[in-house]
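Notes to accompany the following structure.
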Amino acid sequence: MRIDLTGLRTGPSQVWGALRLVPLLREEPVENLRLHAIAYGDAQRSRVQITNKVSYHAYIPHGFVADWNRDTGDGEESAAFGTQIVGADGTVQGMPVHFHRRMTKKEGKRRVRFLPLHLAMEGYLALHFGGPTVAWREWSDRVIRNGLSPRTEAAYRGAVVPGLQDALRVFEIHEGQCGVLVYSADVLAAAFVVPHPDDYRELHPTLLLDMYGELVYQYALMMPAVQEFPVRLDEARIGSLAELRAAAVGQSRVWAGFDDAAIADALLEHDYTAERAYQMGDFDLMRFRPVFRPGEENHIGEAIVDGAGRIAYLKTFRLSEAQIRRGYLLELLAAHDWRLAAAAASIDTTAEGLRGRIRAAGFELMLRAKGE
Amino acid sequence: MISTGDSVAADVVAAEDVLLFVNAATASTGQREFHTDAADQAMSLEFLHEYMLVNYRELYAATLALGINDHNATLVIRRLLATGRHATAEQKRAEGALIARRLLVLPPPRVFRLFKALQRDGVNNRRTRAIVRDWTLALEGPAYHAVKYRSGFKAGLKHAHIDIGDGELRDFLFGPLKRKPYQTPLLESWRQAHYNSGALYRLPYTVAEGFAAKHGIDRAAFLERIGDRMTPWEKLRAGEEPPEPLDPLELASGGAKYCGPPQPWLTRLAVRILAMPLDERADRRAELTRALRNFAAHEAGALAGTWGRVTAVLDDSFSSFGSPVKRRRPLAVALACHFLLEALAAPGRYTPLWVSGRDDPLLVHPGGATPLGLRLVDALETAPERIVVVSDGWDNSPPGLAGEVLRVWRARLDPAGRVDVVHVNPVFDARALDVRALSRAVPSVGIRDAEDLVPLVELAQFAQGRVGLPELMAYLDGRVRRFLGAD
Numbered sequence: 001m002r003i004d005l006t007g008l009r010t011g012p013s014q015v016w017g018a019l020r021l022v023p024l025l026r027e028e029p030v031e032n033l034r035l036h037a038i039a040y041g042d043a044q045r046s047r048v049q050i051t052n053k054v055s056y057h058a059y060i061p062h063g064f065v066a067d068w069n070r071d072t073g074d075g076e077e078s079a080a081f082g083t084q085i086v087g088a089d090g091t092v093q094g095m096p097v098h099f100h101r102r103m104t105k106k107e108g109k110r111r112v113r114f115l116p117l118h119l120a121m122e123g124y125l126a127l128h129f130g131g132p133t134v135a136w137r138e139w140s141d142r143v144i145r146n147g148l149s150p151r152t153e154a155a156y157r158g159a160v161v162p163g164l165q166d167a168l169r170v171f172e173i174h175e176g177q178c179g180v181l182v183y184s185a186d187v188l189a190a191a192f193v194v195p196h197p198d199d200y201r202e203l204h205p206t207l208l209l210d211m212y213g214e215l216v217y218q219y220a221l222m223m224p225a226v227q228e229f230p231v232r233l234d235e236a237r238i239g240s241l242a243e244l245r246a247a248a249v250g251q252s253r254v255w256a257g258f259d260d261a262a263i264a265d266a267l268l269e270h271d272y273t274a275e276r277a278y279q280m281g282d283f284d285l286m287r288f289r290p291v292f293r294p295g296e297e298n299h300i301g302e303a304i305v306d307g308a309g310r311i312a313y314l315k316t317f318r319l320s321e322a323q324i325r326r327g328y329l330l331e332l333l334a335a336h337d338w339r340l341a342a343a344a345a346s347i348d349t350t351a352e353g354l355r356g357r358i359r360a361a362g363f364e365l366m367l368r369a370k371g372e
Numbered sequence: 373m374i375s376t377g378d379s380v381a382a383d384v385v386a387a388e389d390v391l392l393f394v395n396a397a398t399a400s401t402g403q404r405e406f407h408t409d410a411a412d413q414a415m416s417l418e419f420l421h422e423y424m425l426v427n428y429r430e431l432y433a434a435t436l437a438l439g440i441n442d443h444n445a446t447l448v449i450r451r452l453l454a455t456g457r458h459a460t461a462e463q464k465r466a467e468g469a470l471i472a473r474r475l476l477v478l479p480p481p482r483v484f485r486l487f488k489a490l491q492r493d494g495v496n497n498r499r500t501r502a503i504v505r506d507w508t509l510a511l512e513g514p515a516y517h518a519v520k521y522r523s524g525f526k527a528g529l530k531h532a533h534i535d536i537g538d539g540e541l542r543d544f545l546f547g548p549l550k551r552k553p554y555q556t557p558l559l560e561s562w563r564q565a566h567y568n569s570g571a572l573y574r575l576p577y578t579v580a581e582g583f584a585a586k587h588g589i590d591r592a593a594f595l596e597r598i599g600d601r602m603t604p605w606e607k608l609r610a611g612e613e614p615p616e617p618l619d620p621l622e623l624a625s626g627g628a629k630y631c632g633p634p635q636p637w638l639t640r641l642a643v644r645i646l647a648m649p650l651d652e653r654a655d656r657r658a659e660l661t662r663a664l665r666n667f668a669a670h671e672a673g674a675l676a677g678t679w680g681r682v683t684a685v686l687d688d689s690f691s692s693f694g695s696p697v698k699r700r701r702p703l704a705v706a707l708a709c710h711f712l713l714e715a716l717a718a719p720g721r722y723t724p725l726w727v728s729g730r731d732d733p734l735l736v737h738p739g740g741a742t743p744l745g746l747r748l749v750d751a752l753e754t755a756p757e758r759i760v761v762v763s764d765g766w767d768n769s770p771p772g773l774a775g776e777v778l779r780v781w782r783a784r785l786d787p788a789g790r791v792d793v794v795h796v797n798p799v800f801d802a803r804a805l806d807v808r809a810l811s812r813a814v815p816s817v818g819i820r821d822a823e824d825l826v827p828l829v830e831l832a833q834f835a836q837g838r839v840g841l842p843e844l845m846a847y848l849d850g851r852v853r854r855f856l857g858a859d
């Protein structure tokens, strides 16, 4: 799958310290799919039951609700505001563990509740979760029996990313804005797209509740302020007020298109492995992961695409280098039927070298100790 | 009264520093702003005050005569009193007069808070005691202040060793329940309120509130009965319709009279109007516009119609919302400036340009980006004699275009400075230690109430470096004399 942002164009960016927010504008909003937010209160952690035996634990401060087929006349009832769809499990506060049944849950005839980014993150964590498919001698008993469980990853809550709160607060939302690209030290940190400007206005603050990769946090913390677009008027060429106006208008136009070139190439030029999490009418809720390539930008995420593959909703998470490496190793091993020697040969190293990499990636428990 | 510097360079620096400080002390109230929080503001102010005190003590004291706001005035007084030992006798005399005069203009709660701060800081020299004593003994209705601001009043008395005689007031403050009954009605009500819930309604609102809680009186019933004991601002805070005689709207329509020290009624009315829903503003359009025009005409006074052709660039972008503690303040200042400039300009020669492109001043609301640059070009095209920009200076669409437009305009199209461009900024940018300027080519001055616009435009000429320190001193001397003489 490829990410297709047809129908969206970038607006002029707004800068706050090391963070740059580039608005994404839609000429025509997607009318028949809408999103709402549910806040889950301050439960310290939540538990999501994936199957009978597998569960996902995380800090989940909010969820999204998608309504589809809205052109059938119930537009009045489901305006962007209002959380009338909060289920019985959605409002209880103060419980130490919040229990969700599955990542996506039907909440009505044409309505589904899902947990943003956690859907994608769970997809990443569950990658080859079952462990080796063939019980080769090199793998430990534990991984053969239990798979990779428990698999953990850490991320930063938006509220602790330095400056993000202020950047979102002072951000002036544009007319028709349906999304935003968050850059941290001019590296893409997250992309967020919704179907309708009203949804965006409502969901803009939820960016603070999302999780962000380690790199995003560190760049926001340590990098100097990024450059704003440098406006320059050439005084030698200006001899009258009309020329001054022409020059000023010209600069404004260049500025408005300044970020077009930069639009998320890292996101768009990759192929993704996608899997469908839920089907809603013409729309599909997908989660996707990249072909893991160490040393490059890799994003996981989730999207709602229409029949033609256009994006109605998108949310991405920038993986850290260690996370990419873990994904890469698992994919590599799986591709070679979990045979260490074959996998090592394919990347021009020895089995011992590959063992070293597996250990360094934090998967030491997978390997059978010598002499066992 | 003010000594001059040695070299020209030092003069320029001194003039710049003074203006920088006046900008900060006018615009900042130490509260949170749209872009910076309260802690930042307080820290920046702290630094500026310290810097001014150490380097330019006389000028620092003289700023009390300028339009610096009450928050900063108390900070100045605190610092001057605490460091009296570094001042000469002549300096002390000048400071004493300025402080005593300024205390009279400050609202009593601020003065009592200042006394408590002096007590906390351990500032207890003869001059401080004399100043506290003179102010306290000159109070009209000491019993009222003693009841309403009991702890502050007492702190002042104790700290300055003031002898208030053997009367009831002394008993009330230092042994309140020993004497009964009191002869002064207010003190007697206070005594009775301890056991009689009916008596508390004769007390000032803030005091009665405590007794109401003690007697467990229902809040709604309490608010209804206490009504006429609240000050107008207390009423506004309690969410009620404010009464005569101090509602700016009432004052404007002639339904009430106000006699007292001058107050920024125009800006207050603008704040009040911006707090109304858009529908109500549209319904009462004629009334509100007339009210604003009346106040503006009153403020402009003899200067009305003398500014010639004026164009205003007024900021109603999203950031003019201010912050939850200074709600819509920058926008209110812009709205008040709009009507004031309309009165100051020659009839029919005034052009307002809101940055959002909307053109109905009564229905302004904060929203959108700040394309100041293009609006400035629009303003220059109206061929005015004077351009006034009211904005927080966050020119972000595109960033810095306004500065470029002004630079090129000054460099190429108007090197002689025929058009007078002034930027007044209601927001102090704590990180830059100054109000955010648009360009070096035009002066930027801080503003708190639109009423200060005229003196600030006067002051702005110093910021451009066209006029030197001696002239600034002369100007300050004039302001100080006017301030002290206007009893």
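Chains as they are written, first to last, in the numbering used here: chain A, 1 to 372; chain B, 373 to 859.
Ideal Cβ placement from N, Cα and C applies to all residues, glycine included.
C-beta atoms of residue i and residue j nearer than 9 Å
{"i": "residue 151 of chain A", "j": "residue 125 of chain A", "result": "yes"}
{"i": "residue 455 of chain B", "j": "residue 482 of chain B", "result": "no"}
{"i": "residue 302 of chain A", "j": "residue 117 of chain A", "result": "yes"}
{"i": "residue 277 of chain A", "j": "residue 104 of chain A", "result": "yes"}
{"i": "residue 725 of chain B", "j": "residue 685 of chain B", "result": "yes"}
{"i": "residue 708 of chain B", "j": "residue 745 of chain B", "result": "no"}
{"i": "residue 438 of chain B", "j": "residue 853 of chain B", "result": "no"}
Rounded C-alpha distance that separates residue i from residue j
{"i": "residue 617 of chain B", "j": "residue 33 of chain A", "result": "A caution first: residue 617 of chain B carries a pLDDT of 39, below 50, which makes its placement in the model too unreliable to give a value."}
{"i": "residue 140 of chain A", "j": "residue 212 of chain A", "result": "33 Å"}
{"i": "residue 75 of chain A", "j": "residue 31 of chain A", "result": "Interpretation of residue 75 of chain A is limited by its pLDDT of 33, a score under 50 that renders its predicted location unreliable; the figure taken from the coordinates is listed afterwards. Each residue's alpha carbon lies about 9 Å from the other."}
{"i": "residue 847 of chain B", "j": "residue 792 of chain B", "result": "20 Å"}
{"i": "residue 66 of chain A", "j": "residue 178 of chain A", "result": "15 Å"}
{"i": "residue 285 of chain A", "j": "residue 642 of chain B", "result": "50 Å"}
{"i": "residue 681 of chain B", "j": "residue 516 of chain B", "result": "51 Å"}
{"i": "residue 299 of chain A", "j": "residue 49 of chain A", "result": "25 Å"}
{"i": "residue 583 of chain B", "j": "residue 544 of chain B", "result": "17 Å"}
{"i": "residue 394 of chain B", "j": "residue 412 of chain B", "result": "18 Å"}
{"i": "residue 531 of chain B", "j": "residue 832 of chain B", "result": "41 Å"}
{"i": "residue 78 of chain A", "j": "residue 47 of chain A", "result": "Caution is warranted here: a pLDDT of 31 is assigned to residue 78 of chain A, below 50, making its placement in the model unreliable, and no coordinate value can be reported."}
{"i": "residue 10 of chain A", "j": "residue 385 of chain B", "result": "45 Å"}
{"i": "residue 450 of chain B", "j": "residue 233 of chain A", "result": "48 Å"}
Neighbouring residues, chain B, relative to residue i (Cβ below 7 Å)
{"i": "residue 12 of chain A", "result": "769, 770"}
{"i": "residue 245 of chain A", "result": "749"}
{"i": "residue 251 of chain A", "result": "770, 773"}
Whole-Å CB distance - residue i paired with residue j, under 8 Å assumed
{"i": "residue 519 of chain B", "j": "residue 576 of chain B", "result": "6 Å"}
{"i": "residue 704 of chain B", "j": "residue 646 of chain B", "result": "5 Å"}
{"i": "residue 217 of chain A", "j": "residue 180 of chain A", "result": "18 Å between Cβ atoms; not a contact."}
{"i": "residue 693 of chain B", "j": "residue 700 of chain B", "result": "6 Å"}
{"i": "residue 805 of chain B", "j": "residue 416 of chain B", "result": "5 Å"}
{"i": "residue 798 of chain B", "j": "residue 819 of chain B", "result": "5 Å"}
{"i": "residue 18 of chain A", "j": "residue 219 of chain A", "result": "6 Å"}
Partners in chain B for residue i, counting only beta-carbon separations shorter than 9 Å
{"i": "residue 229 of chain A", "result": "770, 771, 772"}
{"i": "residue 239 of chain A", "result": "784, 785"}
Nearest candidate by alpha-carbon position, reference residue i, set the options
{"i": "residue 597 of chain B", "options": "B:588, B:553, B:574", "result": "B:574"}
{"i": "residue 776 of chain B", "options": "B:813, B:381, B:407, B:753", "result": "B:813"}
{"i": "residue 59 of chain A", "options": "A:183, A:196, A:122, A:190", "result": "A:122"}
{"i": "residue 230 of chain A", "options": "A:164, A:254, A:215, A:237", "result": "A:254"}
{"i": "residue 203 of chain A", "options": "A:307, A:292, A:362, A:168", "result": "A:168"}
{"i": "residue 223 of chain A", "options": "A:185, A:288, A:192", "result": "A:185"}
Under 7 Å from the C-beta of residue i: neighbouring residues of chain A
{"i": "residue 781 of chain B", "result": "244"}
{"i": "residue 757 of chain B", "result": "What residue 757 of chain B touches in chain A: nothing, since even the nearest Cβ is about 16 Å away."}
Within chain B, partners of residue i - CB distance below 8 Å
{"i": "residue 235 of chain A", "result": "779, 780, 783, 784"}
{"i": "residue 232 of chain A", "result": "776"}
Residues that residue i contacts on chain A, provided the C-beta gap is smaller than 8 Å
{"i": "residue 422 of chain B", "result": "In chain order: nothing, as chain A lies at least about 27 Å away."}
If contact means a Cβ-Cβ distance below 7 Å, which residues of the region 151 to 178 of chain A contact chain E? The structure shown contains no chain E; its protein chains are A and B.
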